[in-house]
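**Student:** Take the sequence shown: its letter number 18 is residue 18 in full-length UniProt numbering, and every next letter is one higher.
Backbone N, C-alpha and C define an ideal beta-carbon position, used for all residues, glycine too.
Handing you a structure now.
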Amino acid sequence: MTNSSTSTSSATGGSLLLLCEEEESWAGRRIPVSLLYSGLAIGGTLANGMVIYLVSSFRKLQTTSNAFIVNGCAADLSVCALWMPQEAVLGLLPAGSAEPPGDWDGAGGSYRLLRGGLLGLGLTVSLLSHCLVALNRYLLITRAPATYQALYQRRHTAGMLALSWALALGLVLLLPPWAPRPGAAPPRVHYPALLAAAALLAQTALLLHCYLGIVRRVRVSVKRVSVLNFHLLHQLPGCAAAAAFPGAPHAPGPAGAAHPAQAQPLPPALHPRRAQRRLSGLSVLLLCCVFLLATQPLVWVSLASGFSLPVPWGVQAASWLLCCALSALNPLLYTWRNEEFRRSVRSVLPGIGDAAAAAAAATAVPAVSQAQLGTRAAGQHW
Numbered sequence: 001m002t003n004s005s006t007s008t009s010s011a012t013g014g015s016l017l018l019l020c021e022e023e024e025s026w027a028g029r030r031i032p033v034s035l036l037y038s039g040l041a042i043g044g045t046l047a048n049g050m051v052i053y054l055v056s057s058f059r060k061l062q063t064t065s066n067a068f069i070v071n072g073c074a075a076d077l078s079v080c081a082l083w084m085p086q087e088a089v090l091g092l093l094p095a096g097s098a099e100p101p102g103d104w105d106g107a108g109g110s111y112r113l114l115r116g117g118l119l120g121l122g123l124t125v126s127l128l129s130h131c132l133v134a135l136n137r138y139l140l141i142t143r144a145p146a147t148y149q150a151l152y153q154r155r156h157t158a159g160m161l162a163l164s165w166a167l168a169l170g171l172v173l174l175l176p177p178w179a180p181r182p183g184a185a186p187p188r189v190h191y192p193a194l195l196a197a198a199a200l201l202a203q204t205a206l207l208l209h210c211y212l213g214i215v216r217r218v219r220v221s222v223k224r225v226s227v228l229n230f231h232l233l234h235q236l237p238g239c240a241a242a243a244a245f246p247g248a249p250h251a252p253g254p255a256g257a258a259h260p261a262q263a264q265p266l267p268p269a270l271h272p273r274r275a276q277r278r279l280s281g282l283s284v285l286l287l288c289c290v291f292l293l294a295t296q297p298l299v300w301v302s303l304a305s306g307f308s309l310p311v312p313w314g315v316q317a318a319s320w321l322l323c324c325a326l327s328a329l330n331p332l333l334y335t336w337r338n339e340e341f342r343r344s345v346r347s348v349l350p351g352i353g354d355a356a357a358a359a360a361a362a363t364a365v366p367a368v369s370q371a372q373l374g375t376r377a378a379g380q381h382w
């Protein structure tokens with residue numbers, strides 16, 4: 001492999017994600033990458049399937065935010081259960097036999113297009129679902145409950161979910177393949193790759209705006225986030241302290257005015273301001289870093305491919321692996337700190353162990369009932 005055009009030609013003649021290189025020098029590198037896809041396929045299928053099952057089985061989990069999470073899990077399940085196993089098998093086949101017989105316009109070309117379309121559909125819906133989850137949480141925290149309820153009525157939520165699939169399907173059907181045809185001279189500017197880079201950049205900007213906006217709002221009132229049971233943020237030490245010391249001073253405003261100072265102050269180690277710094281430095285920043293790590297390498301690879309610039313094979317394969325790993329890790333991003341999900345898992349898998357139950361109980365935060373909240377915004381059911 002001497003240059004980018006040779007690399008692109010041989011790679012697209014085989015696997016979409018550059019696993020099935022036709023040159024013998026790359027044969028040894030296909031096997032580890034293929035094994036990585038096998039692990040992601042198994043883990044992602046189990047994790048996404050479990051989240052979909054839990055949300056459909058437990059009424060308490062059937063909220064608007066979880067509807068968007070399940071939508072993303074369904075898209076990720078199609079990638080992990082249908083596309084990744086094919087990619088893993090193709091990477092283990094001998095060089096030259098990685099595709100069905102036929103040229104681009106025959107069976108081999110149809111199979112490549114089908115596999116690429118399946119990947120494009122799943123990843124597009126998954127990325128749109130991440131945006132819908134972030135926007136839902138942002139509006140939940142920053143807007144009045146009446147505004148949130150009016151926007152996220154049941155039919156509006158269903159329309160957003162249907163629109164995400166319709167938009168992804170339209171893009172898959174209307175746009176040419178992400179990679180140029182094998183054997184053809186690469187175009188000077190490949191617009192599908194540039195469009196993919198622009199879409200990933202727009203998604204990243206929206207996610208950062210929403211989650212950093214949540215951090216700014218939380219600094220005004222830690223208590224409101226705790227009341228809303230916002231599972232990304234509500235289990236921080238400062239929120240637990242607010243529940244343990246109800247007489248502690250609150251942020252100025254209607255919520256603080258309703259509770260006169262009757263109280264013992266918080267210990268210095270659990271001061272809300274310190275918890276807010278931990279919040280911005282750990283929870284939200286960690287989530288944003290995961291998205292940046294998973295998507296930004298593919299942005300630069302797409303930009304280089306769009307302008308026909310040479311990109312090393314290892315960089316291309318690693319960027320695709322990171323992006324596809326997001327499909328397998330998606331359930332953990334949204335559920336690993338959620339006590340409701342953990343209780344549901346323990347009820348489904350009672351043998352999960354006393355140690356896991358004790359660890360979950362140690363980080364749990366007492367939830368405020370919806371009667372105390374006075375609104376259905378926090379747990380608005382489908």
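What does the alpha-carbon distance come out to for the pair C131 and L206?
**Tutor:** Distance between the alpha carbons of C131 and L206: 7 Å.
**Student:** Is L40 closer than 8 Å to A294 when the C-beta atoms are compared?
**Tutor:** Cβ atoms of A294 and L40: not closer than 8 Å.
**Student:** In whole angstroms, what is the alpha-carbon distance linking L46 and N330?
**Tutor:** Near 12 Å, if we compare the C-alpha coordinates of N330 and L46.
**Student:** Is Y211 close to the ligand ADP? I mean its beta-carbon at under 7 Å from any heavy atom of the ligand.
**Tutor:** Looking for the ligand ADP in the displayed structure turns up nothing, as the structure carries no ligands at all.
**Student:** To the nearest angstrom, how far is the alpha carbon of A150 from that of L135?
**Tutor:** Their Cα atoms are separated by approximately 15 Å.
**Student:** Could you tell me whether the Cβ atoms of V345 and L54 are closer together than 8 Å?
**Tutor:** Closer than 8 Å, so yes.
**Student:** Per the DSSP calculation, T335 is bridged to which residue(s)?
**Tutor:** For T335, which the question treats as bridged, DSSP gives no partner whatsoever.
**Student:** Taking the alpha helix (DSSP H) that P310 belongs to, which residues open and close that run?
**Tutor:** Per DSSP, P310 belongs to no alpha helix (DSSP H) and is neither H nor E.
**Student:** Do you know offhand how far Y111's Cα is from T157's?
**Tutor:** Computed Cα separation, rounded: 34 Å.
**Student:** Have a look at R188 and S78 and give me their C-alpha separation to the nearest angstrom.
**Tutor:** Answer to the nearest angstrom: the Cα atoms are 33 Å apart.
**Student:** Measuring straight from C-alpha to C-alpha, what distance separates A193 and S347?
**Tutor:** Distance between the alpha carbons of A193 and S347: 45 Å.
**Student:** At which residue ranges does the stretch 139 to 213 contain complete alpha helix (DSSP H) runs of 4 or more residues, listed in the order of the chain?
**Tutor:** DSSP runs (the alpha helix (DSSP H)) wholly in the stretch 139 to 213: 145 to 151, 154 to 174.
**Student:** State the DSSP-derived secondary structure class of I52, mapped to helix, strand or coil.
**Tutor:** Reduced to three states, the DSSP call for I52 is helix.
**Student:** Quick check: the Cα distance between R155 and F307, rounded to an integer number of angstroms?
**Tutor:** Taking the straight line from one Cα to the other gives about 42 Å.
**Student:** Pick from Y138, F291, C80, A317: whose alpha carbon is nearest that of G213?
**Tutor:** The option with the nearest alpha carbon to G213 is Y138.
**Student:** In whole angstroms, give me the CA-to-CA distance for S57 and M50.
**Tutor:** Roughly 10 Å separates the two Cα atoms.
**Student:** Looking at C-alpha atoms only, which residue of R30, L61, L35, I42 is the closest neighbour of E340?
**Tutor:** It is L61 whose Cα lies nearest to the Cα of E340.
**Student:** Can you give me the C-alpha to C-alpha distance between G120 and A198, rounded to a whole angstrom?
**Tutor:** Using only the alpha carbons, I get a separation of about 15 Å.
**Student:** My assumption, with CB atoms under 8 Å, is that S305 sits in contact with V311. Please give the rounded CB distance.
**Tutor:** Rounded, the Cβ-Cβ distance is 7 Å, consistent with contact.
**Student:** So, for S129: in the same chain, excluding its five sequence neighbours on each side, which residues have a beta-carbon less than 6 Å away from its beta-carbon?
**Tutor:** Contacts found: F68, N71, G72.
**Student:** Would you kindly check if the distance between the Cβ of A75 and the Cβ of G122 is under 8 Å?
**Tutor:** In this structure, A75 lies closer than 8 Å to G122 by Cβ.
**Student:** Using the C-alpha atoms, what's the distance from L113 back to L173?
**Tutor:** So the two alpha carbons sit approximately 10 Å from each other.
**Student:** For P100, which of helix, strand or coil comes out of DSSP?
**Tutor:** Low local confidence applies: a pLDDT of 49 at P100 is under 50, so the model's placement there is unreliable, and no value is given.
**Student:** Hey, G91 and Y37 are a contact pair by Cβ (cut 8 Å); roughly how many whole angstroms apart?
**Tutor:** Right, their Cβ atoms sit about 7 Å apart.
**Student:** Please state whether DSSP places A294 in a helix, a strand or coil.
**Tutor:** Here A294 sits in helix by DSSP.
**Student:** Is it buried or exposed, A317, if we count other Cβ atoms within 10 angstroms and call 16 or more buried?
**Tutor:** Answer is buried; the Cβ neighbour count reaches 16.
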